[in-house]
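All remarks here apply to the structure that follows.
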Amino acid sequence: MKLLSRALLLAVVLAAVALGGVARAEEILVYTALEDDEIPRYLEVFKKVHPEITVKIVRDSTGIITAKFLAEKDNPQADVVWGTAATSLMLADQAGMLEPYAPKGLDKVRGFMRDAKNPPHWVGIKAWMTGFCVNTKEIEELKLPTPASFEDLLKPEYKGQISMPNPASSGTGFLTVSAILQLKGEKAGWEYLDKLHQNIASYTHSGSKPCKMAGAGELPIGISFGYRGIMQKQKGEPVQTVFPKEGSGWDVEANALVKKASIKPAAKVFLDWAVGPEVMAEYAKVYPITSVATGAPIPEGYPAKPEAQLVKNDFDWAAKNRARILEEWSRRYDAKSEPK
Amino acid sequence: MEENERQAARPQLRVVEAGKAYGRFTALDRVSFNAARGEFISVLGPSGCGKTTLLRVIAGLEPQTGGEIHIGGREVSRLPVSRRNVGIVFQSYALFPNLTAAQNVAYGLSGRTMDRARQARRVDELIELVGLTGHGRKYPAQLSGGQQQRVALARAMALSPDLLLLDEPLSALDAKVRVMLRGEIRRLQRRLGLTTIMVTHDQEEALTMADRILVMERGRVVQDGSPHEIYDRPATPFVASFIGSMNFIPDAQCVTGGTFRKGPLVLSAEDGRGLPPGAKATVAIRPEDVLLGVNGEAGANVVLGKVQGLEYRGAGYRLTLQLVLYGEERPLIEAEVSTETLRRLGLREDMVVSLTLPPERIRIYPATHGGHA
Amino acid sequence: MPESASVRIAAASRLPAAALDLEAWTRRALMLLVCLWMCVVVVLPLATLLSKSLADADGRFVGLDNFLHYFQNPSLSASLGHSLAVSLATTAISVSLGFAFAYGLTRTAIPGKGLFKTLALTPLFAPTLLNGIALVYLFGRKGLITRGFFGALPGLDVDLYGPLGIILAEAVYTFPQAVLILSVALGAADARLYEAAASLGASRLRTFLTVTLPSVRYGLVSAAFVCFILAFTDFGAPKVVGGGYNVLATDIYKQVIGQQNFVMGAVVSVVLLLPAVVAFIADRLVQRRQVALIAARSVPLAPRPNRLGDALMLAFVALVCLAITGFYATGLFASLVKVWPYDLSLGLGHYVFSGIGGGGWAAFANSLAMSALSALAGTVLTFASAYLIEKTRGLAPLRRSAYFLSLLPLALPGLVIGLAYIFFFNAPGWSILGVHLPNPFNFLYATMGILVLANVVHFYSVSFLTATTALKNLDPEFETVAQSMGVPFQRTFMRVTVPLCLPAILEIAMYYFVNSMATVSAVIFLYSADIPLASVAVANMDDAGDIAPACAMSMLIVGANLCVRILYGLATRGVRRRTQAWTKR
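Protein chains in written order, with my numbering: chain E, 82 to 421; chain S, 177 to 549; chain A, 396 to 980.
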């Protein structure tokens with residue numbers, strides 16, 4: 082009885098707090114492609130600094146969040162885009178959906194990780210890069226070597242053991258394909274992908290799924306990205322993250338202000354915060370390359386010189402050719418599956 | 177006093193040229209009749225003759241496509257059923273199964289400007305009136321068919337309607353209950369002086385209950401009269417054959433006023449006096465009017481016939497006789513005889529007997545009536 | 396006549412005249428409203444979808460260009476063949492197994508029919524994504540059966556990802572539908588025909604071929620159409636186990652969500668819609684013929700015991716139920732295992748959903764709220780409009796159109812509804828003949844309202860038919876009698892119609908709830924950030940590769956649905972106890 086009345090009291094208090102909160106809070110809607118297990122960590126920081134702002138998060142894979150954002154072109158719902166591939170934001174920019182904004186502390190942001198215009202249409206926060214997730218137990222059991230490079234993945238013994246994200250829906254998938262095409266040139270690049278296709282068991286919707294499938298032993302090797310593999314290992318899965326010898330494809334996760342009839346001041350507050358030192362320190366805990374130098378040590382599992390691992394990436398080229406690449410990719414590989 | 181008399185003279189229901197058409201099909205063809213206050217009228221006819229349509233038009237359930245309806249001196253042609261002040265009992269009774277008998281009866285009363293106590297008194301009164309005291313709290317399914325029927329009746333009367341409409345009210349019941357309820361409904365109706373229109377396809381029901389019968393055929397009223405008139409002097413061969421049974425001798429020719437010839441057969445009939453010589457007509461007589469004899473009776477309207485069939489009917493026999501005539505035509509005549517007569521005359525198959533067709537019992541239908549096979 | 400006088404005194408006052416004329420007009424207005432409502436929630440969104448499929452990305456009319464483009468792209472057009480192939484295979488499997496199962500339930504004297512039927516209907520309560528997920532845990536690389544129950548038995552490796560996986564998952568999904576339809580068909584047998592056949596000395600086989608099969612042919616056709624449409628339009632199962640084997644439903648999702656290509660999404664939707672519409676029309680035509688067939692009176696057939704036959708049938712029925720139970724038990728087990736297949740200790744870790752996308756428990760709570768609201772709104776709307784259509788006299792053209800519009804959603808796949816709703820409800824307005832007309836329904840976009848609306852429409856027709864059947868069983872003269880007493884129709888509706896139809900109303904509410912909980916297809920395009928949903932969370936978690944939490948969330952959905960099913964059972968029992976008073980002699 083006592084317990085019940087206490088619970089009731091608690092509920093009343095909570096409800097009152099919640100109602101009061103709603104009454105005075107400013108609310109913004111944020112679209113993001115950051116990983117699900119990153120977001121709560123960062124938002125905790127935001128809540129401490131700006132308790133008066135309620136942040137509603139829509140999170141999905143890069144391709145999906147971009148699609149949703151673009152679909153709402155005539156009637157944008159989001160106030161801010163946060164941590165989403167720069168190539169995607171460039172597309173949105175072409176559609177005229179971004180409002181130029183220079184967040185506080187813009188001067189500290191590295192040049193190659195922001196839009197060159199002034200004020201910039203998008204500003205990066207960190208870079209993410211291709212990494213292979215390899216299930217150590219399974220490859221041992223299958224007596225397979227650990228692949229060290231893109232070239233290694235073509236070995237016939239990996240046939241049917243690799244998964245990779247579909248570049249249409251996954252930012253990781255796109256940056257990987259775009260890197261291969263830029264590394265090898267288009268012709269050789271497609272030839273490489275044709276051969277890789279022979280070894281791929283499944284193209285997944287999201288960039289993190291190949292890594293999780295590797296962790297679960299469903300397919301021993303997953304083309305994914307660094308952060309994911311390192312996180313899965315921390316969870317206790319037998320996963321080793323391999324950064325390919327040729328260099329990793331990469332993209333910048335960036336922020337932008339959405340062009341709307343009425344732009345909320347809270348949206349600018351959020352964008353200022355998102356490149357600010359407090360959250361930058363948090364980014365740096367799990368990502369080796371941040372847009373503002375933090376001086377933090379490279380997180381465990383990444384190469385010692387992370388920037389050296391990045392391939393040369395022409396974002397403009399990637400954004401401009403995105404539709405063409407995806408169409409070509411889908412024409413070549415989407416219909417995989419006819420009885421083998 | 178004068179006012180009262182005038183009210184009594186004014187018909188409670190006046191149907192003036194009521195018509196109803198569904199597209200090209202005419203369900204009601206300019207039907208007119210009146211019902212006096214307190215009168216019990218039965219609308220009789222085979223299925224599809226338009227009798228139910230007539231009832232629904234009177235009730236206001238179907239908008240008529242022509243004519244007028246007056247109830248209690250008001251023209252109601254354009255009014256919905258709810259404003260015609262009629263009580264209706266359907267074939268299915270349409271009792272609300274989730275409400276008790278009393279709640280069913282009270283259904284139209286609640287929600288009106290009547291306090292609860294008065295409502296309850298009124299319901300008790302009605303339940304008592306239909307002889308269901310003590311059954312008020314039962315659900316319809318817990319009542320017998322006859323009891324359900326009475327609840328439906330009480331419900332229809334709850335609002336003191338100007339007109340009570342009964343749609344085949346007894347057809348769902350057992351034969352025994354039906355006979356009993358006929359009397360009850362009739363008594364109740366008399367006592368309350370309720371003007372009542374009952375639709376039925378059962379001639380016996382119509383004959384026993386109604387003050388007046390309207391016989392309908394193909395959307396038209398073909399005869400309007402008292403049960404006696406309808407039975408004794410059916411206006412058309414259709415009415416004659418629909419109510420009771422009738423022997424027809426078609427294609428007879430009028431010789432002189434009141435005498436008809438069909439081949440070698442010559443019959444005189446009082447009914448046919450008005451017809452000019454040479455006119456074609458159908459001669460008709462009811463089986464129970466045919467008199468049989470074995471003693472070589474002679475005279476007008478006596479013919480010989482051979483017994484072809486004997487059909488036991490419980491109370492008596494139905495005989496099929498073939499007339500013994502010269503020539504090709506040998507019409508069949510049916511006759512009804514009591515068991516006593518059968519025994520007295522020693523009737524059996526193949527026996528030749530004399531048939532007397534009393535001239536005053538013969539009906540003559542001029543050929544223009546036609547239509548009957 | 397003193398008595399007559401006393402009866403007469405009560406000549407109760409009638410309602411004022413104006414109020415009653417109002418009634419006819421109210422009904423007319425309500426009927427119009429029903430038609431209008433169906434137009435806004437079905438016809439206009441569909442028209443918008445259609446017009447999008449005929450225009451380019453900038454909205455210029457391009458005729459059938461998009462369709463040409465579609466059929467010229469081999470990977471896209473292949474999906475049509477794939478969809479047809481898996482749906483036909485599914486239909487064949489479901490209808491034949493469903494027939495045998497229903498035969499066992501209706502025509503044999505096996506024990507435990509009630510239990511078997513309940514078990515066979517379990518898939519009705521699960522999202523189809525779960526069927527795929529359970530298959531992964533059974534037949535995936537690390538699946539129970541593939542690894543021979545972790546090495547205890549010799550393993551069996553099937554090539555799950557692709558047509559096989561889809562067909563297996565869809566078969567589980569559509570099997571209960573086939574059982575339901577065929578049980579009704581087989582249950583309505585006319586014993587006289589069998590007696591006649593027996594008296595003519597026909598063999599069992601001959602009797603089966605000449606009496607049984609023809610008598611259920613409409614049921615078979617109907618079951619086939621239903622299974623086909625369900626498998627053809629389902630999105631959940633191919634999403635999880637389709638691998639690279641693309642079908643139309645996953646193509647729409649990929650086009651819209653993955654490639655931002657709404658126009659192509661609309662095109663594929665139309666391609667998906669067409670066979671569904673054809674099947675819908677064909678089924679309607681068949682149903683109409685069937686009505687005429689049933690008119691004859693028949694004597695119910697009581698199955699006679701037959702040792703060998705019953706034993707075989709019992710074995711078959713039990714095996715099917717075991718398979719279904721095992722299927723979902725595997726899902727439950729997998730959701731509890733810590734790290735499949737490396738650490739098989741059990742725990743509730745996957746039910747925490749922290750650091751995992753989809754919305755976790757909040758999504759589950761939202762789904763509960765959405766389903767409850769859909770059940771409430773859907774039941775009220777469906778029953779009220781079925782009542783208006785069924786119990787209004789006259790106004791035949793209006794009623795016919797309303798009836799047709801009410802059945803239309805039956806042909807609409809959830810994905811089509813979802814996409815059409817995006818187009819329609821997110822449009823800021825339309826310019827018609829140069830006049831800009833703001834969209835009055837725009838406020839619904841990205842709210843709980845649009846989710847509820849999508850569910851109500853998605854599951855409208857079946858509920859509507861349930862309501863109509865229940866209403867048809869009521870004496871049509873109830874309304875007339877009440878009217879003749881001057882009682883307004885809404886009072887009779889509340890006092891008589893609703894209480895008498897309560898079992899049907901409860902069934903409709905349960906149907907709405909259960910399906911709203913489990914559905915992904917209609918809501919996946921419509922849910923918004925602050926209203927994550929459990930079923931969408933399952934899809935998103937699967938996308939992200941978090942299969943175990945996805946499985947856990949599916950289990951929560953199944954659990955909630957089973958609870959509602961049990962509540963429904965209790966409520967129905969309560970209602971039945973009360974109605975027994977009305978029917979007891």
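From the three backbone atoms N, C-alpha and C, an ideal C-beta is built for every residue, glycine too.
A quick note: this is a predicted structure, and the numbers were derived from the prediction, not measured.
Expressed to the nearest angstrom, what Euclidean distance is found between the alpha-carbon atoms of residue i and residue j?
i, j, result
"E:P181", "E:P200", "6 Å"
"A:A943", "A:S730", "5 Å"
"S:R494", "S:M527", "15 Å"
"S:L319", "S:R331", "15 Å"
"A:F623", "A:E590", "35 Å"
"A:A691", "A:D678", "With a pLDDT of only 47 at A:A691, under 50, the local geometry of the prediction cannot be trusted, and no value is derived from it."
"S:L501", "S:L441", "7 Å"
"A:Y498", "A:F511", "12 Å"
"S:V353", "S:G322", "6 Å"
"S:P410", "S:D465", "14 Å"
"S:V306", "S:G454", "59 Å"
"A:G721", "A:M950", "14 Å"
So, are the CB atoms of residue i and residue j less than 7 Å apart?
i, j, result
"S:L204", "S:G226", "yes"
"A:T774", "A:I903", "yes"
"A:Y556", "A:G614", "no"
"E:K189", "E:V339", "no"
"A:Q436", "A:A797", "Note that residue 436 of chain A is Val in the sequence shown here, rather than Gln. It is not a contact, given that the beta carbons lie outside the stated cut-off."
"S:L499", "S:P507", "yes"
"E:V139", "E:Y112", "yes"
"E:T168", "E:F396", "yes"
May I ask you to report which of helix, strand or coil DSSP gives residue i?
i, result
"A:G813", "helix"
"S:D290", "Looking at the sequence shown, residue 290 of chain S is not Asp but Met. Three-state result, S:M290: coil."
"E:R105", "Any reading at E:R105 must be qualified, since the residue scores a pLDDT of 47, below 50, and its modelled position is unreliable; no value is offered."
"A:G824", "strand"
"E:E219", "helix"
"S:N423", "strand"
"S:D400", "strand"
"S:Q323", "helix"
"S:R524", "coil"
"S:V459", "strand"
"A:K786", "helix"
"A:G550", "coil"
"E:F306", "strand"
"E:E116", "coil"
What first and last residue would you give for the beta strand (DSSP E) that runs through residue i?
i, result
"E:E272", "Taken as a continuous stretch (DSSP letters only), E:E272 belongs to no beta strand (DSSP E), being part of the alpha helix (DSSP H) at E267 to N280."
"S:V483", "V478 to Y488"
"S:Y541", "R539 to P542"
"E:E238", "Careful: E:E238 lies outside any beta strand (DSSP E) and carries neither H nor E."
"A:V931", "That residue, A:V931, is in no beta strand (DSSP E); its alpha helix (DSSP H) goes A929 to D938."
Let me see if you follow: with CB-CB separation under 7 Å, is residue i close to chain B or not?
i, result
"A:D925", "Protein chains E, S and A are contained in the structure displayed, whereas chain B is not."
What residue does the alpha helix (DSSP H) around residue i start on, and which one ends it?
i, result
"A:S856", "Y855 to K867"
- Message: Short of 7 Å Cβ to Cβ, which residues in the stretch 536-562 of chain A face chain E?
- Response: Per Cβ criterion, the list reads R536, K537, Y556 and G557.
- Query: Just by C-beta distance, which residues in the stretch 839-871 of chain A are closer than 8 Å to chain S?
  - Reply: Taken in chain order, the members of the stretch 839-871 of chain A whose beta-carbon sits within less than 8 Å of a beta-carbon on chain S are D870.
- Task: Give the residues from the stretch 791-824 of chain A that approach chain E closer than 9 Å (Cβ to any Cβ), ordered along the chain.
- Result: Correct list: I817, N821, A822 and P823.
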